[in-house]
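Chains as they are written, first to last, in our numbering: chain L, 1 to 208; chain S, 209 to 416; chain E, 417 to 624; chain D, 625 to 832. Here is the structure we will look at, set down as structure tokens.
There are 4 protein chains.
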Amino acid sequence: MELREWQSILVPYKYAVEELKVKFKNIRNELAENGEYAPIEFVTGRVKKISSIIDKAKRLDIDLSEIDEKIEDIAGIRIMCQFVEDIYTVVSYIRSRKDMTVLYEKDYIKNNKETGYRSYHIIIKYPIQTVAGTKEILAEVQIRTLSMNFWATIEHSLRYKYNDYLPSDISDRLKKAGDAAFNLDQEMSEIREEIVRAQVMFEMKSIT
Amino acid sequence: MELREWQSILVPYKYAVEELKVKFKNIRNELAENGEYAPIEFVTGRVKKISSIIDKAKRLDIDLSEIDEKIEDIAGIRIMCQFVEDIYTVVSYIRSRKDMTVLYEKDYIKNNKETGYRSYHIIIKYPIQTVAGTKEILAEVQIRTLSMNFWATIEHSLRYKYNDYLPSDISDRLKKAGDAAFNLDQEMSEIREEIVRAQVMFEMKSIT
Amino acid sequence: MELREWQSILVPYKYAVEELKVKFKNIRNELAENGEYAPIEFVTGRVKKISSIIDKAKRLDIDLSEIDEKIEDIAGIRIMCQFVEDIYTVVSYIRSRKDMTVLYEKDYIKNNKETGYRSYHIIIKYPIQTVAGTKEILAEVQIRTLSMNFWATIEHSLRYKYNDYLPSDISDRLKKAGDAAFNLDQEMSEIREEIVRAQVMFEMKSIT
Amino acid sequence: MELREWQSILVPYKYAVEELKVKFKNIRNELAENGEYAPIEFVTGRVKKISSIIDKAKRLDIDLSEIDEKIEDIAGIRIMCQFVEDIYTVVSYIRSRKDMTVLYEKDYIKNNKETGYRSYHIIIKYPIQTVAGTKEILAEVQIRTLSMNFWATIEHSLRYKYNDYLPSDISDRLKKAGDAAFNLDQEMSEIREEIVRAQVMFEMKSIT
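In structure tokens form, the structure reads like this:
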């Protein structure tokens, strides 16, 4: 495919990412402005790079005419939470929305990957209005704590560097860092109840 | 009502304005990125000020419990076009979207107001997903050329200053400026066909 | 030059444009927030496209090693005003700033070009802090009314289409549109004093 | 002081925060676009709330006429880094800039506070161009890792809730979370060299 063709395929994904970012940020804002605890710290989004789409299509033996249906993370949203518990609250919000449909979910927190990767993934179908009409887009929403995200970013860079074959010393180090990240999440959960109550008070004072 | 109560009423309007701005801007971007002529110059939006809502409710004898159904411009979007012809293209795009419903339209261009005001208004119903569920919001979309907008901004300021009673010399001046704005729009329409063809070529060269 | 080399040359220009946009927008905001009349409607900026830089360098016989000193509009800022009078106020603000140096000015309003082009240009020198140290950048600031801008955009597209040789009928039409734009500016100036007083009142009521 | 007076005092701080955010973000972008490792993850900024300024002035017995010189964090910038080592790189960048002056520095990482608080603070003097002329502003730049920031946010909420008197069980829990955060930073530093090399490669591939 030509660059121009790619651009025109990716345009609706780009707008889906923009709309979804606004919508998830506004869950946060709505709660904060009403003086309630907001389980979302921040939200990022991206459209997959053309080169990564091609790589993935090759790896999974997907024809380029089928990428719309078979590659689920061309549009990607990442939602960062302070606490592990918040992740499940965000999941329940997503399930109850009428402007997107949950296709399926993968809980890599309760069932974490062998690599140590922890995160909650939701694949959604999201309708985009284009000048030519409605287009249904697949998007992947990843929900994580800040320390899960910290670890995953680093793991991704390393795995990229070593083409998926991490030397065992690096792999051990990464495992230790993963444990430290997990440990921080646990300590945080312990004081969570206290904090949730404290933050609501804080937000309310801040607004007035 | 308390400030806090107002804030919580206005929150969904604020998010509606944000979402709608993203969506209308993306009509523009979609066309531009595909190398087609985009009939939208820029898009702005605002939530009506609390004091203006109260004023309007008083003036129209609307109870504050009914403002959601009876005041249509709490959420306001303004779309600016280069040419009068573009306005009707934008109107047709809005009518064909599945994520909003057109309630009714007012064409103050073909039937312009006595004051000289020209603009196209569409009242839409737009669903917003809040944490508590779906909420249907009314919003007013105003579509104008740049010179209609220029004139309207000034007329609004003057009318505000004189509490709606413009002295006749000011009123005459304003009428003359309105004619000059109308004249500019007409001259522009005359060379429009040329320009539309020229701009598509320009955009296409710019992208590559 | 390779794309990568170009990117690294253009990076400081990109940051200059971002900083200058923030700074000029804040002139507007500062005045508006203090309840004073703001002579700036809006501000845009862009870095010149690589292909346009190469074209200009060829046309003016500039070696690519000299573009930093000899092409003055790689960083370009455009400031839009409601009234012709506002342009001169903005010029005086720019002259008095300590964070940029005015190199020279071209007043295409008092001395408008044969083509009908009207605008005020200021070439400034602006220091950018990079990781490698301070870099002095040239930038062109164009100050215009909305109708000057409207006309110039269209003229630019047409001139582009016809490779600078406008057929005489198009050229006549464009001249007429230019007159209509000039006429609108004049009518606006006539009611300006009234409007300035009206808008200050308006802004002040809006803030409180 | 009246709200309006406060607003006019705070306006230059607001613009300082905006300009500084753009500038620090661009350190990151400049390095990333040149394919080098960027020691900055993200940058946030805020102007201190009026109520907090009044509280601090009272607590430190500062007259409201002196807040400009005596309260150093009315303009606050926070720079988040992946690794502890990155913090010192950012510090060296700030010291070498010509558009701000470092007044003094506080290293709460090497000399961390009794409470467990870790962060690097720099107080700078930054010139802002207002319509009335140049104004020198004090600003506080806090540089932290993500886990330092995570901990500090929570500590701040708790301290706020208990009016600075944390019950000993909460205080113990917080200490444990602080240790977990510190531990995560240390594990990360251990694999840092590997990661830095990996990320440069990654960024470079991403650009091309």
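Note that the Cβ used here is the ideal one computed from N, Cα and C, for glycine as well.
Check the Cβ of Ser119/L against every Cβ in chain D and list those closer than 7 angstroms, keeping chain order. The residue labelled residue 119/L in the question sits at position 119 within the first sequence. Simply none; closest approach about 16 angstroms.
If I measure Cβ to Cβ from Tyr126/L and keep anything under 6 angstroms in the same chain, skipping five residues before and after, which residues do I get? Taking the first sequence and counting its residues from 1, one reaches residue 126/L at position 126. Excluding the 5 residues flanking it on each side, Tyr126/L has same chain C-beta neighbours closer than 6 angstroms at Ala16, Met100, Ile137 and Ala139, in chain order.
Arg305/S (DSSP reduced to helix, strand or coil): Walking along the second sequence from the start, residue 305/S turns up at place 97. Three-state DSSP puts Arg305/S in coil, outside helix and strand.
By DSSP, does Ile332/S sit in helix, in strand, or in coil? Looking up residue 332/S in the second sequence gives position 124. When secondary structure is reduced to three states using DSSP, Ile332/S falls in the strand class.
By the criterion of Cβ-Cβ separation under 8 angstroms, what are the contact partners of Gln337/S in chain L? Here residue 337/S refers to the residue found at position 129 of the second sequence. Under the 8 angstroms cutoff, chain L gives Lys23, Arg97, Lys98 and Asp99.
Give the residues of chain L in contact with Ser216/S, contact being defined as C-beta atoms less than 8 angstroms apart. One-based indexing of the second sequence puts residue 216/S at position 8. The contacting residues are Glu33 and Asn34.
Give every residue of the same chain whose Cβ lies closer than 6 angstroms to the Cβ of Arg670/D, excluding the five residues on either side of it in the sequence, and list them in chain order. Numbered from its first residue, the fourth sequence carries residue 670/D at position 46. For Arg670/D, where only same-chain residues beyond five positions count, the Cβ hits under 6 angstroms are Gly700.
Can you round the beta-carbon distance between Arg118/L and Tyr108/L to whole angstroms, since I take them to be within the 8 angstroms contact cut? As a first step, residue 118/L is located in the first sequence; it is residue number 118 there, counting from the start. As a first step, residue 108/L is located in the first sequence; it is residue number 108 there, counting from the start. Indeed they touch by this definition, with Cβ atoms about 6 angstroms apart.
How many angstroms separate the CA atom of Leu239/S from the CA atom of Val131/L? As a position in the second sequence, residue 239/S is number 31, starting the count at 1. As a position in the first sequence, residue 131/L is number 131, starting the count at 1. Rounded to whole angstroms, the separation of the alpha carbons of Val131/L and Leu239/S is 8 angstroms.
So what's Gln706/D in DSSP terms, helix, strand or just coil? Here the question's residue 706/D lines up with position 82 in the fourth sequence. Reduced to three states, the DSSP call for Gln706/D is coil.
Interface residues of chain S facing Ile145/L [CB-CB closer than 9 angstroms]: If you number the first sequence from 1, residue 145/L lands on position 145. The residue you asked about is not Ile; residue 145/L is Thr in the sequence shown. By Cβ distance, chain S contributes nothing, its closest Cβ being about 21 angstroms from Thr145/L, past 9 angstroms.
Pull out every residue of the stretch 483 to 501 of chain E whose Cβ sits closer than 7 angstroms to any Cβ of chain D, in chain order. Cβ contacts with chain D: none found.
Amino acids of chain L, ordered along the chain, whose beta-carbon sits closer than 9 angstroms to that of Glu227/S: Walking along the second sequence from the start, residue 227/S turns up at place 19. Residues of chain L passing the Cβ test: Glu19, Val22, Lys23 and Asn26.
So, for Gly802/D: in the same chain, excluding its five sequence neighbours on each side, which residues have a beta-carbon less than 6 angstroms away from its beta-carbon? In the fourth sequence, counting from the first residue as 1, residue 802/D sits at position 178. Once the five neighbours on either side are set aside, the close Cβ partners of Gly802/D are Gly740 and Trp775.
Neighbourhood of Pro388/E by C-beta distance below 6 angstroms, restricted to the same chain and skipping five residues each side: The first residue shown for chain E is 417 and the last is 624, placing residue 388/E beyond what the model contains.
Would you check if the distance between the CB atom of Leu782/D and the CB atom of Glu194/L is smaller than 8 angstroms? Numbered from 1 along the fourth sequence, position 158 holds the residue referred to as residue 782/D. Numbered from 1 along the first sequence, position 194 holds the residue referred to as residue 194/L. The answer is yes: Cβ separation under 8 angstroms.
Does the beta carbon of Ile469/E come closer than 8 angstroms to any beta carbon on chain S? The count along the third sequence starts at 1 and reaches residue 469/E at position 53. Not one chain S Cβ lies under 8 angstroms of Ile469/E.
Asp809/D: buried (16+ other C-beta within 10 angstroms of its C-beta) or exposed? For this step, residue 809/D is matched to residue 185 along the fourth sequence. Counting Cβ neighbours within 10 Å, Asp809/D comes out buried, since at least 16 surround it.
Please list the partners that Val47/L has in chain S, where partner means a Cβ-to-Cβ separation under 7 angstroms. As a first step, residue 47/L must be located in the first sequence, where it is residue number 47. By Cβ distance, chain S contributes nothing, its closest Cβ being about 13 angstroms from Val47/L, past 7 angstroms.
Going straight from the alpha carbon of Arg494/E to that of Ala473/E, what length do you get? In the third sequence, counting from the first residue as 1, residue 494/E sits at position 78. In the third sequence, counting from the first residue as 1, residue 473/E sits at position 57. Approximately 22 angstroms between the Cα atoms of the pair.
Bounding residues of the beta strand (DSSP E) (the contiguous stretch that carries Leu354/S): Indexing the second sequence from 1 puts residue 354/S at position 146. Where Leu354/S is concerned, there is no enclosing beta strand (DSSP E), although the alpha helix (DSSP H) around it starts and stops at Leu354 to Lys369.
Nonlocal neighbours in the same chain, by C-beta distance under 6 angstroms from Thr624/E, ignoring five residues either side: Here residue 624/E corresponds to residue number 208 of the third sequence, with the count starting at 1. With a pLDDT of 48 at Thr624/E, under the threshold of 50, the predicted position of this residue should be treated as unreliable, though the coordinate-derived value follows. Listed in chain order, the non-local C-beta contacts of Thr624/E below 6 angstroms within the same chain number zero, local neighbours out to five positions each way being set aside.
Complete alpha helix (DSSP H) runs within the stretch 16 to 80 of chain L (minimum length 4 residues, chain order): For the stretch 16 to 80 of chain L, whole alpha helix (DSSP H) runs of length 4 or above, ordered along the chain, are 50 to 59 and 67 to 70.
In whole angstroms, give me the CA-to-CA distance for Leu684/D and Lys694/D. Numbered from its first residue, the fourth sequence carries residue 684/D at position 60. Numbered from its first residue, the fourth sequence carries residue 694/D at position 70. For Leu684/D and Lys694/D, the distance between alpha carbons rounds to 9 angstroms.
Three-state secondary structure assigned by DSSP to Leu590/E: Looking up residue 590/E in the third sequence gives position 174. In this structure, Leu590/E counts as helix in the three-state DSSP scheme.
Shortest alpha-carbon distance to Lys222/S belongs to which of Arg236/S, Lys343/S, Asn357/S and Lys306/S? As a first step, residue 222/S must be located in the second sequence, where it is residue number 14. That would be Lys343/S, whose Cα lies nearest to the Cα of Lys222/S.
Pull up the distance between the alpha-carbon of Leu64/L and that of Ser300/S, whole angstroms please. Reading the first sequence from its first residue, position 64 is the one you call residue 64/L. Reading the second sequence from its first residue, position 92 is the one you call residue 300/S. Going from the Cα of Leu64/L to the Cα of Ser300/S covers about 33 angstroms.
Under 8 angstroms, Cβ to Cβ, is there at least one residue of chain S near Glu2/L? On the first sequence, position 2 is the one that residue 2/L refers to. Using a CB distance cut-off of 8 angstroms, Glu2/L does not count as an interface residue toward chain S.
Does the beta-carbon distance from Ile191/L to Arg768/D come in below 8 angstroms? For the purposes of this step, residue 191/L is taken as residue 191 along the first sequence, with counting starting at 1. For the purposes of this step, residue 768/D is taken as residue 144 along the fourth sequence, with counting starting at 1. No, the pair does not count as a contact, with Cβ atoms beyond the cut-off.
Restricting to Cα atoms, I'd like to know which of Glu36/L, Ser51/L, Ile128/L and Glu33/L is closest to Arg305/S. Residue 305/S sits at position 97 when you count from the first residue of the second sequence. Here the closest residue by C-alpha is Ile128/L.
Is Gln766/D closer than 8 angstroms to Glu449/E when the C-beta atoms are compared? Within the third sequence, numbered from 1, the residue matching residue 449/E stands at position 33. Within the fourth sequence, numbered from 1, the residue matching residue 766/D stands at position 142. Their beta carbons are not under 8 angstroms apart, which means Glu449/E does not touch Gln766/D by this criterion.
Quick one: what's Ile143/L bridged to in DSSP? Stepping through the first sequence from its first residue, residue 143/L is reached at position 143. Ile79/L and Tyr120/L.
Straight-line CA distance for Glu280/S to Leu374/S? Within the second sequence, the letter at position 72 stands for residue 280/S. Within the second sequence, the letter at position 166 stands for residue 374/S. If you draw a straight line from the Cα of Glu280/S to the Cα of Leu374/S, it is about 26 angstroms long.
Please compile the residues from chain E whose C-beta is within a distance smaller than 7 angstroms of the C-beta of Ala389/S. The residue you call residue 389/S lines up with position 181 of the second sequence. Correct list: Leu600.
For Arg589/E, which residues in chain S fall below 7 angstroms Cβ to Cβ? Taking the third sequence and counting its residues from 1, the one referred to as residue 589/E is at position 173. Neighbours of Arg589/E on chain S, chain order: Glu398 and Ile399.
Just the chain L side, please: which residues come within less than 8 angstroms of Ile674/D by C-beta, in chain order? Within the fourth sequence, residue 674/D is the residue found at index 50, counting from 1. Result: empty, since nearest Cβ-Cβ is about 11 angstroms, beyond 8 angstroms.
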